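Using the numbering used here, the first residue of the sequence shown is number 228, and each one after it goes up by one.
Note that CB positions come from ideal geometry on N, CA and C, so glycine has one too.
Just so we're clear, the structure is a prediction, and the values are computed from it rather than from any experiment.
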Amino acid sequence: MSEAILTVDNLVAGYGNANVLNGISVQARDGEITCLLGANGVGKSTLIKAIFGLASVRQGTVRFLGKDITGWETHRVVAEGLACIPEGNRVFPRMSVLDNLMAGAYLENSRAKIASRLERVMTLFPRLAERREQFAGTLSGGERSMLSIGRGLMSNPRLLVIDEPSLGLSPLFVKENFKLIRQLGDDECTILLVEQNVRQTLEVSHHGYVISQGKVAVEGSAEDLRQSAEVSEAYFGGEASVH
Ligand SMILES: Nc1ncnc2c1ncn2[C@@H]1O[C@H](COP(=O)(O)OP(=O)(O)OP(=O)(O)O)[C@@H](O)[C@H]1O
Ligand SMILES: [Mg+2]
């Protein structure tokens, strides 16, 4: 089993005075795709925000590559090798595809490194290469999702955190997107994936957590979770398994 590069331990976090996360502990292991599942509003995005310094952490720790990064500001977290693709595949609509990608490399000064990352992203997404001069706002939903993932890769992350990449995409693009995530996990970096689309998520993941009421309710290998009665109960009203 590979070692954890991200360890969230007993985290209590939220907004203002209210806590959303009530002592949550999750890990992302090197080279694997780890998924966070759970109903709307349980705190999946809040966990991501807490990791990236965008929610208030009141207790617990976030460790990345052996370093305590709890409560660090976003740019410092990114500089350590974490990248986040937030919910909704947001892009800068009035900027070109190329400028959107360049925005992902804002912490890198070396032109050579930026150029080689850009080339890698363009190879991964030939559609973005074709549309490099186009305003991002004119892209299709699927292309926008490629662009937000590409922008995340431009910081050359060790760990890519992706929040609901298939939200709002047509079923065909959702399928494509999952294929892409699997490929990124195999070839590029470790991935922490938040998704509602349970079946397909467990097909591409190695390990997963089901979150409920701001903490982990069930944890296991993707295979275990596919077989789990609790998971099928929670998501499919008690079908025998997730298959
Ligand atoms: N900026 C904020 N200020 C105050 N409360 C917030 C804020 N963002 C989220 N919340 C609240 O925190 C709770 C958890 O929200 P969160 O976005 O983490 O859920 P989620 O698991 O990502 O849900 P979804 O699957 O719908 O994306 C919700 O009750 C939400 O209303
Ligand atoms: Mg969310």
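ask   = Does the region 364-375 come within contact of the region 319-328, defined as at least 3 CB pairs closer than 8 angstroms?
value = yes
ask   = Comparing the CB of D326 with every heavy atom of ligand 2, is any distance shorter than 8 angstroms?
value = Taking the sequence shown and counting its residues from 1, one reaches residue 326 at position 99. Incorrect: D326 has no Cβ contact closer than 8 angstroms to ligand 2.
task = Please determine, among N267, E357, A342, the residue with the shortest C-alpha to C-alpha distance to I438.
result = In the sequence shown, the residue the question calls residue 438 occupies position 211. Closest by alpha carbon: N267.
query = What's the C-alpha gap between L424 and A231?
reply = Numbered from its first residue, the sequence shown carries residue 424 at position 197. Numbered from its first residue, the sequence shown carries residue 231 at position 4. Residue identity check: residue 424 is Asn in the sequence provided, not Leu. Their backbone Cα atoms lie some 25 angstroms apart in a straight line.
inquiry  = I'd like the list of long-range same chain contacts for G298, defined as Cβ closer than 7 angstroms, with 5 residues on each side in sequence excluded.
reply    = Against the sequence shown, residue 298 aligns to sequence position 71. Cβ neighbours of G298 beyond the five flanking positions: G280, V284.
request  = Say yes only if the C-beta of I389 is nearer than 8 angstroms to one or more non-hydrogen atoms of ligand 1, and no if none qualify.
outcome  = Counting from one through the sequence shown, the residue named residue 389 turns up at place 162. Every heavy atom of ligand 1 is 8 angstroms or more from the Cβ of I389, so no.
inquiry  = I'd like to confirm the pairing. Which residues does DSSP put opposite C311 in its beta bridges?
reply    = If you number the sequence shown from 1, residue 311 lands on position 84. In the DSSP output, where bridge partners are listed per residue, C311 has V388.
query = Buried or exposed: which applies to K276, given that a residue is buried once 16 or more other Cβ atoms fall within 10 Å of its Cβ?
reply = As a first step, residue 276 must be located in the sequence shown, where it is residue number 49. The residue is buried, with at least 16 neighbouring Cβ atoms inside 10 Å.
message = Just checking Q478 against ligand 1 - is the residue's beta carbon closer than 8 angstroms to any of the ligand's heavy atoms?
response = Here the chain has residues from 228 to 470 only, and residue 478 is not among them.
query = Alpha carbon to alpha carbon, what distance is there between I278 and Q286?
reply = On the sequence shown, position 59 is the one that residue 286 refers to. On the sequence shown, position 51 is the one that residue 278 refers to. One C-alpha to the other measures close to 13 angstroms.
request  = Kindly confirm or deny that the region 299-314 and the region 337-357 touch, where touching means at least three C-beta pairs closer than 8 angstroms.
outcome  = no
inquiry  = Three Cβ pairs or more, each shorter than 8 angstroms: is that satisfied between the region 432-449 and the region 289-297?
reply    = Fewer than three Cβ pairs drawn from the region 432-449 and the region 289-297 lie within less than 8 angstroms of each other, which leaves the two stretches out of contact.
inquiry  = Determine whether the beta carbon atoms of T417 and T261 lie at a separation below 9 angstroms.
reply    = For the purposes of this step, residue 417 is taken as residue 190 along the sequence shown, with counting starting at 1. For the purposes of this step, residue 261 is taken as residue 34 along the sequence shown, with counting starting at 1. Result yes, Cβ atoms of T417 and T261 sit closer than 9 angstroms.
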